[in-house]
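Asker: When we follow my numbering, the leftmost residue of the sequence shown carries the number 78, and every step to the right adds one.
Glycine residues also receive a C-beta, built at the ideal position from the N, C-alpha and C atoms.
Just so we're clear, the structure is a prediction, and the values are computed from it rather than from any experiment.
Sharing a structure with you now.
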Amino acid sequence: MDTTLINILCLILLFLGMLGTFLPVLPGLLLSICGLLIYKFGTDADLPMIYIWAFGILTAISIVLSYVIPAKTNRKYGGTRWGSIGSIIGTIVGIFIPIPLGFLVGMFAGVFIGELLHDSKDMNKALQSTKGAFIGFIYGTGFSLVVGVAMFLVVVLDMLNII
């Protein structure tokens, strides 16, 4: 296969990976790491292996953190298991709602409704739990996005022979 086509494929995968850090229908950093690996091993790139190892480790950390951070922040703000379950259900339902960022709206609505189902008299607790879910989402997404952007930049800079 032509090196130019491989480079284009890699850039597309890296870009989709960045989008996937905040769009749950895409596998995020897994797409980015695939783009990085295809670039490294599918072309005659001189990209040092330390980048592959570093981004592989950061991707694994990101996957773990995407589950741990929202749960921890949800608990920190008084959330319960009901809110966590509501978050998952809301995210899945939100993906299919034809509004911008429906998955995000669904996630927050799911947390709120889940907490109200657990204790219908404590709306403040439900709001606090939703706040925790939001903060967790921002932290997890921010970390993943930074890693995805870094992978993209490393490949682009290597293509331009800057690194």
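#1: Which ranges would you report for the alpha helix (DSSP H) in the region 106 to 136 if only whole runs of at least 4 residues count?
#2: Let's see if you can read the secondary structure: which residues bound the alpha helix (DSSP H) around M78?
#3: When burial is assigned at 16 or more other CB atoms within 10 Å of the CB, is Y144 buried or exposed?
#4: Exposed or buried, which one is P147 when buried takes at least 16 other CB atoms within 10 Å?
#5: Relative to the C-alpha of G133, which residue among G163, M228, A210 and D121 is closest?
#6: Taking the Cβ atom as the reference point for each residue, do S164 and V182 lie within a distance shorter than 7 Å?
#7: Keeping to the same chain, check which residues put their C-beta closer than 6 Å to that of L124; ignore five residues upstream and five downstream.
Answerer: On the basis of the supplied data:
#1: Complete alpha helix (DSSP H) runs here, min 4: 106 to 119.
#2: Per DSSP, M78 belongs to no alpha helix (DSSP H) and is neither H nor E.
#3: Of the residues assessed, Y144 falls on the exposed side of the cut-off, its CB having fewer than 16 other CB atoms within 10 angstroms.
#4: So P147 ends up on the buried side.
#5: When only C-alpha atoms are compared, the closest one is M228.
#6: No, Cβ-Cβ distance for S164 and V182 is not below 7 Å.
#7: Closer than 6 Å at Cβ, skipping near neighbours: K117 and D235.
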